[in-house]
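Visitor: Here it is, the structure, as structure tokens.
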Amino acid sequence: MTAALDDGQEPEPDEPLGWQPIWKRPRRPKLKAAKKQELRKQRRRLQDAGRRRLAAGQSRRPRSRQNRIGNAAARRDARALNRVRHSTAWLW
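Take 1 as the starting number for the sequence shown in this note's numbering and just add one per residue.
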């Protein structure tokens with residue numbers, strides 16, 4: 001019981017640490033060069049993603065015929081439904 005209670009407490013500073021899970025180990029600050037390298041990688045990754053997104057938006061790849069037909073039919077249906085909904089004619 002006392003061992004379980006002692007487990008959550010911090011060890012004394014002069015006591016050797018032994019094995020600890022990674023989330024309990026004291027943080028070691030990164031070297032400036034390592035941090036810059038990481039930021040460079042991250043910036044590069046984000047820029048590449050932006051370029052891909054831009055290219056995808058501007059791509060002029062022709063859509064399949066089936067896709068176009070489906071969209072046109074959906075637009076026609078929506079127009080017809082709109083006409084019925086907004087018409088002043090009473091249907092008895």
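Where a beta carbon is used, it is the ideal one built from N, C-alpha and C, also for glycine. As the structure is a computational prediction, the values presented were derived from the model and not from experiment.
Reducing DSSP to helix, strand and coil, say where Q47 ends up.
Guide: helix
Visitor: Return helix, strand or coil for R83, following the three-state DSSP convention.
Guide: helix
Visitor: In angstroms, rounded to a whole number, what distance separates the CA positions of Q47 and A33?
Guide: 21 angstroms
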